[in-house]
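Here the structure comes first, spelled out in structure tokens, and everything after it is commentary.
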Amino acid sequence: EYAASNDFGFLVGGDLNSLLDLTTLLDVSYDQPSGDFEYCGNTVCKAGASFSLELSADGPLHTPWHLRSARAPYTAADFFSYAPTVSFDYVSGTKYTLVIMDALQKQGHGSLAYLHGLYTDLTSDSLSSASGFVLPYVGPGAPLSMTPNHYEFILFEQSGSVDIDSAYELELTSRANFNLTKLIDNLNLGSIRGISWSFAFNDEFANVELTVFGLLTEDDYCEPWACECLGSGASMASYTGEWNFSEALECGAWDAEEDYCQPGGLEDFRSEGWCNESWCFVSSACPGAVEWFGMYYSYEACGSVDYYTDSESYRLDTYASNAGGDGCDCLSPEAIASLSLNATTGNSLLVDLGYSATYGANYCDDHDLDESAGGCNDPDTATCWCYGTWCYVNSSTCTDDAFASSVSVPVDGAGLSYKFCEEPAEDEVAAPLECTAATNAGGDGCDCLSPEA
């Protein structure tokens, strides 16, 4: 019925709705140790992690390293050494099949459908209870660095014990060009009882895996290193950051052991993907080197992916550079609260007026567009000033004429001023055309006129 659609068993939304009858939470958890491996002539060090897949429409997002099935020394045989723990509420006497697949099984991408694991005749939620045909779990070898691959865990209830002939076993063993609908027909699978999933981008470990299985060569991804770490013994006299990264003169996942990257710590930082990536300080002459607190860093020099530079964390860490120096840095939420304390309520005056605790804080941004208190959160009624890019500064330390006393939110005697920033935030919402009309003509009396004028 399902395999007849075409050669690859392409799925269109709703094709398997008749089978979807979820009765259990499919809990998938990983326990991965730290480790290192050789990559393009360098040793890449990676931190370990223990986690469960926490589902959302576009997540969770994990790296192939953290979803790996391999253990050192990472020969072909070592890539079948580990499988995640899969727990579900099973019915005694009922048998199940668990399918783990790369979900790029859609029209135009049939050759990308890949079977990452198959466990049949499961009688409990332990994968070791599978007494039928088994293809052990193999982790993602995600080939794409810009688009995340979607890996699915699908639990089917069986109608009875499965019987797979030798020809079909051989087809499944190849794993490539996997046809889910053909599997459903051949194994006479019943309802889908549980699902889970994860997204994964390419990382250097995925390239190692693809190379081990003959799908890539090092020439496909190893380029001559454009730069190297400064190396042990190099001077850090120019470093002005508050974090102790004295060892970052060599490659390492230096953030991984910091408090902000620990479970239960600052979850937003961990979810951005950079905590476990390897990096080091490099020369300012290195292509792609990023200036940071008086020095320059590079992930590429360590063969890693740079998730940090475009992250919210980078903006928070470097917010001062988004405003002016000499006492004119953008203020933190704590500093704003201290300078605008309402002695009666114990809150920031801004919070009492209905604004969020981060309003005007940390870096230059179009802060007003997120605030209902100022009436700017509705694009249909937002006036032009709502689109301004600015931040709060300390009026007692920032005396430059370019900084004005706050007029949008009166905080009398609070010591707060605001600064309009010359460079917009990366994610700034574009202002309507009528807010920028003057820039579309000439100055000195030659600006485009409004309809009223």
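According to this note's numbering, the residues represented by the sequence shown are 877 to 1329, in order. Note that the Cβ used here is the ideal one computed from N, Cα and C, for glycine as well. From a predicted model like this one, the values you see are computed outputs, not experimental measurements.
message: In the DSSP output, what is G935 paired with across the bridge?
response: Taking the first residue of the sequence shown as position 1, residue 935 is located at position 59. Bridge partners of G935: S932.
- prompt: Which partner residues does T973 have in the DSSP bridge list?
  reply: Against the sequence shown, residue 973 aligns to sequence position 97. In DSSP, T973 forms a bridge with F1032.
message: Assuming contact is defined by CB atoms lying nearer than 9 Å, are V962 and E1028 in contact in what I supplied?
response: Here the question's residue 962 lines up with position 86 in the sequence shown. Here the question's residue 1028 lines up with position 152 in the sequence shown. In this structure, E1028 does not lie closer than 9 Å to V962 by Cβ.
- prompt: Which value, in whole angstroms, describes the spacing of the CA atoms of S1074 and G993?
  reply: Here residue 1074 corresponds to residue number 198 of the sequence shown, with the count starting at 1. Here residue 993 corresponds to residue number 117 of the sequence shown, with the count starting at 1. Straight-line Cα distance between these residues: approximately 14 Å.
Residues that DSSP places opposite M1171 in a beta bridge: The residue labelled residue 1171 in the question sits at position 295 within the sequence shown. Beta-bridge partners assigned by DSSP to M1171: W1168.
query: Which one or two residues does DSSP pair with K922 in a beta bridge?
result: The count along the sequence shown starts at 1 and reaches residue 922 at position 46. Beta-bridge partners of K922 (DSSP): G911.
task: Counting only the same chain and skipping the five closest in sequence on each side, list residues whose C-beta sits under 7 Å from that of G1251.
output: Locating residue 1251 in the sequence shown gives position 375, counting from the first residue. Excluding residues within five positions, the ones whose Cβ falls inside 7 Å are T1257.
- request: Measure the C-alpha to C-alpha separation of Y966 and S1000 and round it to an integer number of angstroms.
  value: Residue 966 sits at position 90 when you count from the first residue of the sequence shown. Residue 1000 sits at position 124 when you count from the first residue of the sequence shown. Taking the straight line joining both Cα atoms gives about 6 Å.
field: P1209 and N1253 closer than 9 Å at C-beta
entry: If you number the sequence shown from 1, residue 1209 lands on position 333. If you number the sequence shown from 1, residue 1253 lands on position 377. Taking 9 Å as the cut-off, the Cβ atoms of P1209 and N1253 do not count as close.
Cβ neighbour criterion (16 or more within 10 Å) applied to A1043: The residue you call residue 1043 lines up with position 167 of the sequence shown. The residue is exposed, with fewer than 16 neighbouring Cβ atoms inside 10 Å.
task: Quick one: residues in its chain with C-beta nearer than 8 Å to the C-beta of E1126, no 5 flanking neighbours on either side, listed in chain order?
output: If you number the sequence shown from 1, residue 1126 lands on position 250. Annotation for E1126: C1105, G1107, S1108 and C1156 place their beta carbon closer than 8 Å to its own, counting only its chain and skipping 5 residues before and after.
- prompt: Exposed or buried, which one is S968 when buried takes at least 16 other CB atoms within 10 Å?
  reply: The residue given as residue 968 occupies position 92 in the sequence shown. A residue is called buried when at least 16 other Cβ atoms come within 10 angstroms of its Cβ; S968 does not meet this threshold and is exposed.
- prompt: So, helix, strand or coil for C1267, using DSSP?
  reply: Numbered from 1 along the sequence shown, position 391 holds the residue referred to as residue 1267. In the structure shown, C1267 adopts extended strand secondary structure according to DSSP, grouped into three states.
field: Residues sharing a beta bridge with I1060, DSSP
entry: What you label residue 1060 is simply residue 184 of the sequence shown in a count that begins at 1. I1060 is bridged by DSSP to nothing; it lacks a bridge partner.
message: Taking the alpha helix (DSSP H) that S1214 belongs to, which residues open and close that run?
response: The sequence position of residue 1214 within the sequence shown is 338, counting from 1. Unbroken alpha helix (DSSP H) run through S1214: P1209 to L1215.
task: Look at S926 and P1139 and say whether their C-beta atoms are less than 9 Å apart.
output: Residue numbering aside, residue 926 sits at position 50 when the sequence shown is read from its first letter. Residue numbering aside, residue 1139 sits at position 263 when the sequence shown is read from its first letter. Yes, the pair counts as a contact, with Cβ atoms nearer than the cut-off.
query: Once you ignore the five residues that flank D954 on each side, which residues in its own chain have a CB closer than 6 Å to its CB?
result: Your numbering for residue 954 matches position 78 in the sequence shown. Spatial neighbours of D954 in its own chain (CB-CB distance under 6 Å, excluding positions within 5 residues in sequence) are listed in chain order as A946 and R947.
message: Suppose the cutoff is 6 Å on Cβ atoms and the five residues either side in sequence are ignored; what does the same chain contact list for F1081 look like?
response: For the purposes of this step, residue 1081 is taken as the residue at position 205 of the sequence shown. Here the set comprises P940 and W941.
task: Look up W1155 in the DSSP assignment and give the residues it is bridged to.
output: Reading the sequence shown from its first residue, position 279 is the one you call residue 1155. Residue pairing by DSSP places W1155 opposite G1128 in a beta bridge.
- request: Would you mind giving the Cβ-Cβ distance between S1072 and L931, rounded to the nearest angstrom? I have them listed as a contact below 8 Å.
  value: Mapped onto the sequence shown, residue 1072 falls at position 196. Mapped onto the sequence shown, residue 931 falls at position 55. S1072 to L931, Cβ: 7 Å. Contact.
query: Which of the three DSSP states, helix, strand or coil, is assigned to W1261?
result: Looking up residue 1261 in the sequence shown gives position 385. W1261: helix per DSSP, three-state reduction.
For N1223, three-class secondary structure by DSSP: Working through the sequence shown from its first residue, we reach residue 1223 at position 347. Note: N1223 maps to coil in three-state DSSP.
- prompt: Whole-angstrom Cβ separation of Y1172 and S1160, contact assumed at under 8 Å?
  reply: As a working note, residue 1172 is residue 296 in the sequence shown. As a working note, residue 1160 is residue 284 in the sequence shown. Contact holds; Cβ gap of about 5 Å.
query: Name the DSSP bridge partner or partners of Y966?
result: Taking the first residue of the sequence shown as position 1, residue 966 is located at position 90. Looking at the DSSP output, Y966 bridges to nothing.
- request: Identify every residue that forms a DSSP beta bridge with T961.
  value: Taking the sequence shown and counting its residues from 1, one reaches residue 961 at position 85. Beta-bridge partners of T961 (DSSP): S905.
task: Could you say which of C1322, H1026, E1123 and L1091 lies nearest to L943 if we only look at CA atoms?
output: Reading the sequence shown from its first residue, position 67 is the one you call residue 943. Residue nearest to L943 within the set C1322, H1026, E1123 and L1091 is H1026 (criterion: CA-CA distance).
message: Helix, strand or coil, according to DSSP, for V1084 in the structure here?
response: Mapped onto the sequence shown, residue 1084 falls at position 208. Secondary structure at V1084: helix, using DSSP grouped into helix, strand and coil.
task: Using DSSP bridges, identify the partner residues of A1076.
output: Position 200 of the sequence shown holds residue 1076. For A1076, which the question treats as bridged, DSSP gives the partners H938 and N1025.
- prompt: How long is the line joining the alpha carbons of Y990 and L1091, rounded to whole angstroms?
  reply: Within the sequence shown, the letter at position 114 stands for residue 990. Within the sequence shown, the letter at position 215 stands for residue 1091. Straight across, the Cα-Cα distance linking Y990 with L1091 is about 13 Å.
query: Between which two residues does the beta strand (DSSP E) carrying L998 extend?
result: Walking along the sequence shown from the start, residue 998 turns up at place 122. Run containing L998: Y990 to L998, per the beta strand (DSSP E) assignment.
query: Is F1009 helix, strand or coil by DSSP?
result: Counting from 1 along the sequence shown, the entry for residue 1009 is found at position 133. DSSP, reduced to helix, strand and coil, places F1009 outside both helices and strands of the structure shown, so it counts as coil.
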